[in-house]
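Colleague:
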Amino acid sequence: MNPHRRGTAVIITAAIASLLLAACGTSTNSSSSSGGGTQTTLKIWDFSAEQVQFHKDIGAQFTKEHPNIKIEWRSITQADYMKTLPLAFQSNQAPDMFYWNATGLSELLDQKWIRPLSPDGTVPADFTKRWPDGSFLDGINMQDGKTYGFPFTENLYWGSGYMFLNKQVFQQAGLDVNNPPKTWTDLKNACAQIKAKTKAECIAAPTKGEDMQRIWYGLVSSVSTSSTDFFDYKTGKFNLTAPGQLKTFAFIQELKKAGYLAPGTNDKNFSRQQFAAGQAGIYFDGTWMLSVWDSQGFSSDNYVVAPRVDPDEGQTGAGGRTYDGNKYWVSSQTKHPDAAWTFIQWMTDPNGYFVQQYYKNAFGTLSYVDNQKMVSHPVLKQIMQIGAKPGYRVQLPEPLLKCPDIAKSKAYVNALTKTPDAEWEAMNEALVSGQPLASVGAAIVKQRQTALEEGLEQEAASGLKVSMDCYTFPEWDSTKDYTSDMYKS
Amino acid sequence: MTTIAPAPGRERVTESDRSPAQRAPERVDHSRERVRGLDRVWLLVFLAPFLLLYLGFTIWPLIATIYYSFFDWSGIGPIENFAGVDNYGSILADPLFWVSVVNTLIFALLTTVIKLPISLVAAILLTRKWLRGKRFFRTVFFAPLIIPVAMAGLIFTYLLNPSNGALNAILRDLGLVDEGFDVFANRWSALLVLVLVSIWQIFGQYMIYWMAALQNVPEELYEAAAIDGASEWKKLTRITLPIIKPVAVIITLLGLVNAMHVFGLVVTLTAGGPGTSTYVVSYFIYQNAFGRVPFDYGYASAAALLFSVIAFVLVSAQGLAVRRAQRLRKEYGV
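First to last, the protein sequences are chains S and V. For the first sequence, the working numbering assigns the number 38 to the initial residue and increments by one for each residue that follows. For the second sequence, the working numbering assigns the number 1458 to the initial residue and increments by one for each residue that follows.
(1) By the three-class DSSP mapping on this structure, what secondary structure does V:F1539 have?
(2) Residues of the region 292-322 of chain S in Cβ contact with chain V at a cutoff of 9 Å, in chain order, please.
(3) Against chain S, does V:T1522 count as a neighbour if the rule is that its beta carbon must be under 9 Å from one of theirs?
(4) So, is the C-beta of V:A1774 closer than 9 Å to a C-beta in chain S?
(5) List, in chain order, every chain S residue whose beta-carbon is nearer than 8 Å to that of V:S1734.
(6) In its own chain, which residues sit with a C-beta less than 6 Å from the C-beta of S:Y405, not counting the 5 before and 5 after it?
(7) Residues in the same chain with beta-carbon distance under 6 Å from V:N1745, minus the five sequence neighbours each way, listed in chain order, please.
(8) From the DSSP secondary-structure annotation, give me the bridge partner or partners of S:Q370.
(9) Any Cβ of chain S within less than 9 Å of the Cβ of V:T1515?
(10) Taking just the CA atoms, how far does V:D1635 sit from V:R1629?
(11) Near S:A84, what residues of its chain come up, given a Cβ to Cβ distance below 7 Å and the 5 sequence neighbours on each side ignored?
(12) Are the C-beta of S:E496 and some C-beta of chain V separated by less than 9 Å?
(13) List, in chain order, every chain C residue whose beta-carbon is nearer than 9 Å to that of S:M249.
(14) How long is the line joining the alpha carbons of V:R1595 and V:I1659, rounded to whole angstroms?
(15) Once you ignore the five residues that flank V:A1774 on each side, which residues in its own chain have a CB closer than 7 Å to its CB?
(16) Could you list which residues in chain V have their beta carbon closer than 8 Å to that of S:A448, in chain order?
(17) Do S:Q333 and S:S259 have their C-beta atoms within less than 9 Å of each other?
(18) Assuming S:A475 contacts S:L283 under a Cβ cut-off of 8 Å, what Cβ separation, rounded to an integer in Å, is found between them?
(19) Could you tell me the alpha carbon to alpha carbon distance between S:D506 and S:A444, rounded to whole angstroms?
(20) Counting only C-beta atoms, is S:G492 closer than 9 Å to chain V at any point?
(21) Whole angstroms is fine: what's the gap from S:Q130's alpha carbon to S:P123's?
(22) What does S:E238 touch in chain V if you count any residue whose Cβ is under 8 Å from its own?
(23) Using a beta-carbon distance below 9 Å, is V:F1599 in contact with chain S?
(24) For S:M179 and S:T359, I'd like the C-alpha separation in whole angstroms.
(25) Please list, in chain order, all residues of the same chain as V:G1622 whose beta carbon is under 8 Å from its beta carbon, the five residues on each side excluded.
(26) Give the straight-line distance between the Cα atoms of V:V1704 and V:A1550, rounded to the nearest whole angstrom.
(27) In whole angstroms, what is the alpha-carbon distance linking S:Y199 and S:V346?
(28) Would you verify that the beta carbon of S:A16 is, or is not, closer than 9 Å to some beta carbon of chain V?
(29) Decide if S:Q250 is buried, meaning its Cβ has at least 16 other Cβ atoms within 10 Å, or exposed.
(30) Can you give the Cα-Cα distance for S:P218 and S:F189, rounded to whole angstroms?
(31) Under 7 Å between beta-carbons, which chain S residues line up against V:G1610? List them in chain order, please.
(32) If you draw a straight line from the alpha carbon of V:F1764 to that of S:T402, how long is it in whole angstroms?
(33) Please classify S:V477: does DSSP put it in a helix, a strand, or coil?
(34) Identify each residue in the region 1625-1639 of chain V for which the Cβ-Cβ distance to at least one residue of chain S is less than 9 Å, and report them in chain order.
(35) Three or more beta-carbon pairs under 8 Å between the region 409-420 of chain S and the region 433-443 of chain S, yes or no?
(36) Taking only the alpha-carbon atoms, compute the straight-line gap between S:D133 and S:T324 and give it to the nearest angstrom.
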């Protein structure tokens, strides 16, 4: 071989080998030596983009109090998060703790995503005492004597179904922002006035995909009480095409036809900006909007919050409260269960730094805190007054408490997961085409109901004590709480 | 000087009609020479990176996709639930898959039918000697291609928004419309927007393809035609188009295949809506693979394979035309 060529070949081979070695040598160890001891890095993921600064402060304070643990908190936009987190689990790169509310305990255990909150699986009584009685239930956040989750946000005030009014637009339209529309007719009249006297649109209503839920829950909850899965626990039926839902949707179509919905198939971000920019007078959404707008520089003295509007005949439904308030979980892939448990105890201290800063920033209401005592933000107080009104939100029945074997059942989840956004897509299609929701949604209801009933039958045949009866509560007055004593009867 | 007549039944004189003495000297195909000694090592060294990448990023994913498509698998954990051909059966019965297939084909055909002629016209204009500012126009037409698809989608989402989009504002200011027109509220107008935005973005790339093809047309043919008094139109229809025809077939094939991959614009402009009426196959696969929890890799893999079969049939039909075009290319020397 020519010596010159041989030399070149050796150099190329060495370069390739060094590249391969470098690639193989990448470390994913999240413990590092710092000063005298080893510092553990606890990775936490969520999709609260407006809380990034808060998370930095929290991390810094926690590390100050626990020098051996460093917090690395990452916020991803919600739509991306729902794809990124599962992929992270798939590639064994999941964070140590994560925020997840799309599926419940049994699915997360089934997917092998979670481990108990504490290293040994049990939690001390002084931990559970931070929450109201009945907050820790088998199948919701406990399984086989181990505790896997804890309620984070409370569910009386926290949630969707509030109406936000832009002060500037209302003033220009000659409307009193402190006397908000109370009925559907009031809403139409206010819209007529806004359209006539201002250049603004009346309602900034996102209708792209599942963002349709913003206006939907702002209206339907006064007509019909159902779960966020379009399921009516009173009848045990999926209810997209039930009379209350059809009536509400027909009203939304009427608003659109009259030009009272801002035109366009917009997403929530666009609609929120439209409202904040004074291009729309009304926006329906949830408790979180305070901090979202605050982070965008739109302060709360520019708007007021009001209850959702009722049909002219009066309220016949309510918003739903569920037992499942679990949000943060400990990853099954964590190498630092001790650090995660230390952090969870710290963040759920009702008088601790996390809680104080959370309320200082008006991010919402937590389930382990005395909200009456802690909330100081005037708009959040307004929201609490609205949410506390009898019948504004009611406790939904919990099938798991009627039939404990539901914890092992997959039928309900399977009925939903095949086409998770089908209801919103059907509404979107019906809204732009002007077709009645009944014709567009019938196939979805049939598919879901059949999947649930057949799934439960199969599971019952395999020995589980489950049936449609577990999902049906005919005696329930759906404008009132389904209380724990009702399960006994 | 002797003239050569084409064989009966053929319009054009080919090499076989000439006597061996008149034929052009045969080109030696050096590509088939045996590689020996150290050159063989060098050949492997230079090919290895490509072969490794090809194996890792083309062959392996293809085999994996075929394998996954026979399982009910979420993408996480062991692949245990063998589903046989259930995924294929479900997809064939899924109306949304067929909506996606139809939309993809409509999109591919429309974009190809529109973008190729107009980019050819632009290329012809930009290769005219008399035109000034060619570089400027080339840059202007090519610029949209360097804008990321996601950004292009966002730009047009805002431009076309009926509330405060620039387009509707102009129409309102001109008194042409009273209310903003929501182009995304209807399947056909939404699809048309996807087509037009896609053409706007990719136009420059096809213009460059055509310009490359046009630059291969021998200049002396135009000079001879000019001496014979041929008009510009005659030069175009009798010289330019016939000579670039073989390349045109290949450009058409590229245009169709590229258009079938449409994804980013759908995500940013319509998200498959209104409802599900602008779903395309890539978006359908994406939604099934990542759009819900747990993921449904098996179903998505089966959908990907089924569409690949459909695309393969279409492309194979085109492949015949390409093969003929390649023969013509060699004949024309372009």
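Ideal Cβ positions, reconstructed from N, Cα and C, are used throughout, including at glycine.
Modeller: Let me spell this out:
(1) By 1-based counting over the second sequence, the position of residue 1539 of chain V is 82. Note: V:F1539 maps to strand in three-state DSSP.
(2) Residues of the region 292-322 of chain S with a C-beta less than 9 Å from any C-beta of chain V: G296, A299, P300, G301, T302, N303, D304, F307, Q311, A314, Q316, A317, listed in chain order.
(3) Indexing the second sequence from 1 puts residue 1522 of chain V at position 65. No, because no Cβ of chain S sits closer than 9 Å to the Cβ of V:T1522.
(4) Position 317 of the second sequence holds residue 1774 of chain V. Taking Cβ atoms only, chain S never reaches closer than 9 Å to V:A1774, which makes this a no.
(5) Indexing the second sequence from 1 puts residue 1734 of chain V at position 277. For V:S1734, the neighbours in chain S by C-beta distance under 8 Å run, in chain order, E466.
(6) Taking the first residue of the first sequence as 1, we reach residue 405 of chain S at position 368. Excluding positions up to five away in sequence, the list reads R167, W168, T385, P387.
(7) The residue you call residue 1745 of chain V lines up with position 288 of the second sequence. When the five nearest sequence neighbours on each side are left out, the beta carbons in the same chain lying within less than 6 Å of the beta carbon of V:N1745 are those of D1753, Y1756, A1757, in order along the chain.
(8) The residue given as residue 370 of chain S occupies position 333 in the first sequence. Answer by DSSP bridge pairing: none, since S:Q370 is not bridged.
(9) The count along the second sequence starts at 1 and reaches residue 1515 of chain V at position 58. V:T1515 has a beta carbon lying at 9 Å or more from every beta carbon in chain S.
(10) As a first step, residue 1629 of chain V must be located in the second sequence, where it is residue number 172. As a first step, residue 1635 of chain V must be located in the second sequence, where it is residue number 178. Their backbone Cα atoms lie some 6 Å apart in a straight line.
(11) Numbered from its first residue, the first sequence carries residue 84 of chain S at position 47. Checking the displayed sequence, the identity of residue 84 of chain S turns out to be Phe instead of Ala. So the qualifying residues of the chain are S112, I113, T114, Q115, Y118, Y136.
(12) Translated into positions along the first sequence, residue 496 of chain S becomes position 459. So, not an interface residue.
(13) Note that chain C does not occur in the displayed structure, where the protein chains are S and V.
(14) The residue you call residue 1595 of chain V lines up with position 138 of the second sequence. The residue you call residue 1659 of chain V lines up with position 202 of the second sequence. Approximately 13 Å between the Cα atoms of the pair.
(15) Here residue 1774 of chain V refers to the residue found at position 317 when the second sequence is read from its first residue. The beta carbon of V:A1774 is closer than 7 Å to none in its chain, skipping five residues each way along the sequence.
(16) For the purposes of this step, residue 448 of chain S is taken as the residue at position 411 of the first sequence. Among the residues of chain V, none has a CB under 8 Å from the CB of S:A448; the nearest is roughly 15 Å distant.
(17) Here residue 333 of chain S corresponds to residue number 296 of the first sequence, with the count starting at 1. Here residue 259 of chain S corresponds to residue number 222 of the first sequence, with the count starting at 1. Against a cut-off of 9 Å, the Cβ pair of S:S259 and S:Q333 comes out as no contact.
(18) For the purposes of this step, residue 475 of chain S is identified with residue 438 of the first sequence, where counting begins at 1. For the purposes of this step, residue 283 of chain S is identified with residue 246 of the first sequence, where counting begins at 1. Taking C-beta atoms under 8 Å as the contact rule, S:A475 and S:L283 qualify, at a distance of about 6 Å.
(19) Along the first sequence, one-based indexing puts residue 506 of chain S at 469. Along the first sequence, one-based indexing puts residue 444 of chain S at 407. Using only the alpha carbons, I get a separation of about 15 Å.
(20) Counting from 1 along the first sequence, the entry for residue 492 of chain S is found at position 455. Residue contact with chain V for S:G492: absent (no Cβ-Cβ distance below 9 Å to any residue of chain V).
(21) Stepping through the first sequence from its first residue, residue 130 of chain S is reached at position 93. Stepping through the first sequence from its first residue, residue 123 of chain S is reached at position 86. So the two alpha carbons sit approximately 10 Å from each other.
(22) Locating residue 238 of chain S in the first sequence gives position 201, counting from the first residue. Those are S1620, listed as they occur along chain V.
(23) Start at 1 with the first residue of the second sequence, and residue 1599 of chain V comes out as number 142. It does not: the Cβ of V:F1599 has no partner Cβ on chain S nearer than 9 Å.
(24) As a first step, residue 179 of chain S must be located in the first sequence, where it is residue number 142. As a first step, residue 359 of chain S must be located in the first sequence, where it is residue number 322. S:M179 and S:T359: Cα-Cα distance of roughly 16 Å.
(25) For this step, residue 1622 of chain V is matched to residue 165 along the second sequence. The residues are Y1615, L1616, G1637.
(26) Here residue 1704 of chain V is taken as the residue at index 247 of the second sequence, counted from 1. Here residue 1550 of chain V is taken as the residue at index 93 of the second sequence, counted from 1. Distance between the alpha carbons of V:V1704 and V:A1550 is about 39 Å.
(27) Sequence index remark: in the first sequence, residue 199 of chain S carries index 162 (1-based). Sequence index remark: in the first sequence, residue 346 of chain S carries index 309 (1-based). Each residue's alpha carbon lies about 9 Å from the other.
(28) Limits of chain S in this structure are 38 at one end and 526 at the other, which puts residue 16 of chain S out of reach.
(29) What you label residue 250 of chain S is simply residue 213 of the first sequence in a count that begins at 1. Buried, since its Cβ has 16 or more Cβ neighbours within 10 Å.
(30) The residue given as residue 218 of chain S occupies position 181 in the first sequence. The residue given as residue 189 of chain S occupies position 152 in the first sequence. Taking the straight line joining both Cα atoms gives about 32 Å.
(31) Taking the second sequence and counting its residues from 1, the one referred to as residue 1610 of chain V is at position 153. Using a Cβ-Cβ cut-off of 7 Å, V:G1610 is close to nothing in chain S; its nearest Cβ partner there is about 12 Å away.
(32) Walking along the second sequence from the start, residue 1764 of chain V turns up at place 307. Walking along the first sequence from the start, residue 402 of chain S turns up at place 365. One C-alpha to the other measures close to 49 Å.
(33) Locating residue 477 of chain S in the first sequence gives position 440, where the first residue counts as 1. DSSP places S:V477 in helix when its eight states are reduced to three.
(34) Here the close residues are N1625, E1636, G1637, F1638, D1639.
(35) Because the criterion of three Cβ pairs below 8 Å is not met, the region 409-420 of chain S and the region 433-443 of chain S do not touch.
(36) Locating residue 133 of chain S in the first sequence gives position 96, where the first residue counts as 1. Locating residue 324 of chain S in the first sequence gives position 287, where the first residue counts as 1. Going by the C-alpha atoms only, they are around 28 Å apart.
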